[in-house]
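A.B. asks: Next up is a structure, given as structure tokens.
Protein chains in written order, with the working numbering: chain A, 1 to 398; chain B, 1 to 419.
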């Protein structure tokens with residue numbers, strides 16, 4: 001059929017033949033009838049270039065199992081290594097976005113770019129990447145079956161104390177420190193991007209909004225980080241920033257672990273700022289030099305909010321102890337220049353003071369299971385679980 | 001625990017997947033070339049056999065057709081001349097240079113151009129220009145580099161910058177490139193290192209340098225020593241004013257920076273050396289006594305007694321040699337050769353490339369010529385193989401749910417299950 005004169009390669013010149021099925025048919029025909037083709041190797045091997053062969057080898061190392069979740073951005077499957085079914089993985093298959101006219105999605109590029117570089121016990125491991133025949137990229141990620149930190153504090157069946165919070169927060173702080181040490185800004189730190197491994201380790205995931213530190217005077221977008229976790233400078237439109245933005249988010253996660261509810265929830269960006277100012281006071285040039293030069297800054301109306309006193313913190317965050325409260329407030333300093341760096345966070349005495357952080361194998365566990373991991377991994381950065389309108393408007397670049 | 005820059009670099013994909021010895025690099029290129037030649041050969045044979053068969057079928061169907069046609073087809077069968085590794089490299093390097101000009105034209109930041117060129121060079125480590133048209137690949141590489149380096153540019157706007165080029169053509173080879181890059185996008189450049197070194201030298205010149213404590217040199221001592229650096233290695237001491245020293249450091253920086261933007265990205269330096277080795281070598285070319293002094297402040301005095309220092313210097317010398325081998329740094333280029341001579345040389349080079357491109361035209365893989373169609377075909381096949389089924393399944397599920405809803409509205413919904 002493939003060789004009927006109507007369908008012959010002469011009438012459809014050149015590459016149309018490379019439709020895989022057709023090529024195969026041709027090759028088979030040739031092998032049967034023409035001595036010339038005996039020089040060619042097997043048809044599929046022959047049409048694959050070196051890079052395709054390498055990709056194929058990678059793909060064959062894994063077995064894809066049940067679908068765990070599907071989002072707008074990706075589908076997540078359970079999977080395992082072919083040679084060892086006990087070595088579990090999660091396979092995140094990036095969907096092709098028909099609305100995005102510029103090729104492979106930026107989220108996928110960012111996530112792959114940074115996970116390829118970052119190898120740390122508290123950062124989700126990227127085992128491999130391969131592409132499938134339909135040109136979808138698949139990320140083979142670490143299997144993290146025990147849910148995430150947000151579910152943990154939401155789950156009323158799980159009881160935990162100050163030593164447990166210290167252990168979780170410390171693992172988060174290490175992950176953030178490691179990113180910054182590698183000049184990577186995560187830009188979407190939040191409870192449901194912090195997944196929990198079978199051994200109790202906390203792993204920072206979702207690098208779809210990450211980028212390298214910019215060179216001085218190169219502007220970046222302020223439209224990053226899920227709103228509840230977004231620091232005031234970004235809400236004011238800062239375009240030059242560094243690791244401090246992640247430290248703020250880390251502070252909010254730390255606070256949520258202690259409170260077991262959202263610490264700074266809001267409905268809009270404007271409201272987010274007022275929620276922050278209610279707790280920390282409205283910033284002025286005295287408390288935060290340079291703040292008035294930020295694009296969306298408006299001077300405080302009368303009466304302006306004043307920062308909450310120490311009693312407020314003691315009443316709500318007593319579980320952290322005085323040194324924990326001190327660390328929390330230092331992470332949540334309005335002025336990003338005076339906010340602790342990730343390094344300074346790790347050097348704080350809270351970690352070494354009593355109580356000792358719980359050993360990770362003794363930490364209270366969630367019954368989340370693989371299903372939750374699927375839900376967490378399928379999301380695109382900046383999305384909140386409900387997936388309603390409170391997505392950050394995602395700039396594709398910057 | 002200490003976490004050193006060495007450890008950071010050793011974990012990078014650039015080190016893990018894209019660093020080679022000169023021998024490994026040559027061997028890989030030879031293997032790629034060999035594989036490509038075999039593929040093209042096989043494809044050409046297949047095509048010829050196909051044509052032969054067609055003409056046979058054709059003559060059978062139309063009895064009056066003569067066999068002359070058939071013979072003519074056979075008569076064209078000349079043995080194809082394939083590109084050698086060296087010729088492939090010439091073509092790729094030529095396109096890399098074109099990318100620098102392209103970057104200037106589009107005003108791309110330097111790291112976009114540098115990354116794009118490394119993508120191109122990495123791509124052609126595992127692919128041959130005989131398989132994939134290098135100009136298309138080079139244009140797409142730099143588009144991809146814009147994305148990975150956070151520089152906003154739409155495919156449409158970019159494509160509009162070329163004659164008769166569509167966004168589709170720019171995007172068609174993207175997956176091929178990503179696959180050949182082995183899914184790594186991070187390229188570590190020497191630019192920031194050079195800037196940092198420059199700032200450090202400026203601080204030393206102002207008496208604010210910091211040397212490792214064990215080395216026993218104070219900031220003032222370093223400054224004093226620096227003010228007497230000879231112009232040339234082994235030259236006489238030469239007392240400079242602080243202003244002269246500062247301007248010398250800046251001149252060295254400017255020259256080194258230009259080397260990094262040309263020779264460093266156009267040679268194999270990124271495959272063979274680390275970013276710090278590359279910027280130090282470029283600086284060594286720019287001002288040897290100054291760079292030697294800078295290096296000496298990092299080791300206990302005298303530095304020559306440290307095996308590490310000697311090892312480093314050997315590596316830097318090799319890297320320097322590689323950079324100097326690039327024509328942008330060849331003496332005939334910079335010395336006062338007449339403009340005519342330069343032009344003649346350029347014309348000669350252009351003619352050489354022209355001949356290679358002509359040669360390439362005759363040995364291209366016929367299966368891989370139209371990447372846009374190829375790209376579409378791959379996607380279409382996939383849809384036929386699996387996705388269609390998925391869509392069907394989805395539609396059926398929706399229909400089922402629709403029936404259920406209708407049933408519910410008639411019979412009332414199912415009773416809630418008991419907990």
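Note that CB positions come from ideal geometry on N, CA and C, so glycine has one too. Please read all numbers here as calculations on a predicted model, not as lab measurements.
Just the C-alpha distance for residue 307 of chain A and residue 252 of chain A, rounded to the nearest angstrom, thanks.
C.D. replies: 16 Å
A.B. asks: Which whole-angstrom value describes the C-beta separation of residue 434 of chain B and residue 229 of chain B, a residue pair presumed to lie in contact below a C-beta threshold of 8 Å?
C.D. replies: A question about residue 434 of chain B goes unanswered here, because the residues of chain B that appear run from 1 up to 419.
A.B. asks: Does residue 186 of chain B have its Cβ less than 8 Å from a Cβ in chain A?
C.D. replies: yes
A.B. asks: Could you name the residues of chain A that residue 8 of chain B contacts, counting a contact when the two beta carbons are closer than 8 Å?
C.D. replies: Result: 181 and 182.
A.B. asks: Rounded to a whole number of angstroms, what is the C-alpha to C-alpha distance between residue 311 of chain A and residue 205 of chain B?
C.D. replies: So the two alpha carbons sit approximately 52 Å from each other.
A.B. asks: Under the rule that 16 or more other beta-carbon atoms within 10 Å means buried, what is residue 71 of chain B, buried or exposed?
C.D. replies: No answer about residue 71 of chain B holds up, because its pLDDT of 39 lies below 50 and its placement is not dependable.
A.B. asks: Are there three or more Cβ pairs, one per stretch, closer than 8 Å when the region 145 to 152 of chain A is compared with the region 350 to 368 of chain A?
C.D. replies: yes
A.B. asks: Between which residues of its own chain and residue 151 of chain B is the CB-CB distance below 7 Å, once the five residues before and five after are set aside?
C.D. replies: The answer, listed in chain order, is 108, 109 and 112.
A.B. asks: Can you give the Cα-Cα distance for residue 277 of chain A and residue 249 of chain A, rounded to whole angstroms?
C.D. replies: 16 Å
A.B. asks: Considering residue 234 of chain B, what are the terminal residues of the alpha helix (DSSP H) in which it resides?
C.D. replies: Per DSSP, residue 234 of chain B lies in no alpha helix (DSSP H) and is assigned neither H nor E.
A.B. asks: Can a CB atom of chain A be found closer than 8 Å to the CB of residue 13 of chain B?
C.D. replies: yes
A.B. asks: Using Cβ-Cβ distances below 7 Å, what residues of the region 95 to 122 of chain A are close to chain B?
C.D. replies: 101, 102, 103, 104, 106, 109, 112, 113, 116, 117 and 119
A.B. asks: What does a CB cutoff of less than 7 Å around residue 246 of chain B pick up in its chain, not counting 5 residues either side in sequence?
C.D. replies: Excluding sequence positions up to five before and after residue 246 of chain B, its CB lies within less than 7 Å of the CB of 202 and 205, all in the same chain and listed in chain order.
A.B. asks: Buried or exposed for residue 215 of chain A, please, with buried defined as at least 16 other CB atoms from any protein chain shown within 10 angstroms of its CB.
C.D. replies: exposed
A.B. asks: Please classify residue 117 of chain B: is it buried, with 16 or more other beta-carbons within 10 angstroms of its beta-carbon, or exposed?
C.D. replies: buried
A.B. asks: Relative to chain A, which residues along the region 172 to 199 of chain B have a C-beta separation below 8 Å, given in chain order?
C.D. replies: 174, 175, 176, 178, 179, 180, 182, 183, 184, 185, 186 and 192
A.B. asks: From what residue to what residue does the alpha helix (DSSP H) around residue 120 of chain B run?
C.D. replies: 110 to 126
A.B. asks: Which whole-angstrom value describes the C-beta separation of residue 219 of chain B and residue 237 of chain B, a residue pair presumed to lie in contact below a C-beta threshold of 8 Å?
C.D. replies: The pair is not a contact, with the Cβ atoms about 20 Å apart (cut-off 8 Å).
A.B. asks: With DSSP collapsed to three states, give me the class of residue 275 of chain A.
C.D. replies: helix
A.B. asks: Which residues does DSSP pair with residue 74 of chain A in a beta bridge?
C.D. replies: A/94
A.B. asks: Looking only at its chain, what residues have a beta carbon closer than 7 Å to the beta carbon of residue 341 of chain B, apart from the 5 residues adjacent to it on each side?
C.D. replies: none
A.B. asks: So, is the C-beta of residue 227 of chain A closer than 8 Å to a C-beta in chain B?
C.D. replies: no
A.B. asks: Could you confirm whether any beta carbon from chain A is found closer than 8 Å to the beta carbon of residue 70 of chain B?
C.D. replies: Residue confidence for residue 70 of chain B is low, a pLDDT of 40 falling below 50, so the modelled location carries little weight and cannot support an answer.
A.B. asks: Quick check on residue 34 of chain B: buried or exposed, where buried means 16 or more other Cβ atoms within 10 Å of its Cβ?
C.D. replies: So residue 34 of chain B counts as exposed.
A.B. asks: Within this structure, are the beta carbons of residue 208 of chain A and residue 107 of chain A separated by less than 8 Å?
C.D. replies: Yes, the Cβ-Cβ distance between residue 208 of chain A and residue 107 of chain A is below 8 Å.
A.B. asks: Which value, in whole angstroms, describes the spacing of the CA atoms of residue 142 of chain B and residue 115 of chain B?
C.D. replies: 7 Å
A.B. asks: With a threshold of 8 Å on Cβ separation, who are the neighbours of residue 273 of chain A within its own chain once the five nearest residues in sequence on each side are excluded?
C.D. replies: 232, 235 and 236
A.B. asks: What is the DSSP secondary structure of residue 417 of chain B, reduced to helix, strand or coil?
C.D. replies: Low per-residue confidence applies at residue 417 of chain B: pLDDT is 45, beneath 50, and the placement is therefore not dependable, though the value from the model is reported in the following sentence. Residue 417 of chain B: coil per DSSP, three-state reduction.
A.B. asks: Who are residue 196 of chain A's beta bridge partners in DSSP?
C.D. replies: According to DSSP, residue 196 of chain A bridges with A/202.
A.B. asks: With a 10 Å radius around its C-beta and 16 neighbouring C-beta atoms as the bar for buried, classify residue 241 of chain A as buried or exposed.
C.D. replies: Classification for residue 241 of chain A: buried.
A.B. asks: Kindly list, in the order they appear in chain B, the residues whose Cβ is closer than 7 Å to that of residue 52 of chain A.
C.D. replies: 179
A.B. asks: In or out: residue 27 of chain A buried (at least 16 other Cβ within 10 Å) or exposed?
C.D. replies: Its pLDDT being 34, under 50, residue 27 of chain A is placed unreliably by the model, and nothing is read from it.
A.B. asks: Let me know the secondary structure DSSP gives residue 371 of chain B once reduced to three states.
C.D. replies: helix
A.B. asks: Just checking: is the beta-carbon of residue 74 of chain B within a distance shorter than 8 Å of some beta-carbon in chain A?
C.D. replies: No answer about residue 74 of chain B holds up, because its pLDDT of 47 lies below 50 and its placement is not dependable.
A.B. asks: Identify every residue that forms a DSSP beta bridge with residue 253 of chain B.
C.D. replies: Its beta-bridge partners do not exist; DSSP assigns none.
A.B. asks: Quick one: is residue 93 of chain B near chain A, going by C-beta distance under 8 Å?
C.D. replies: no
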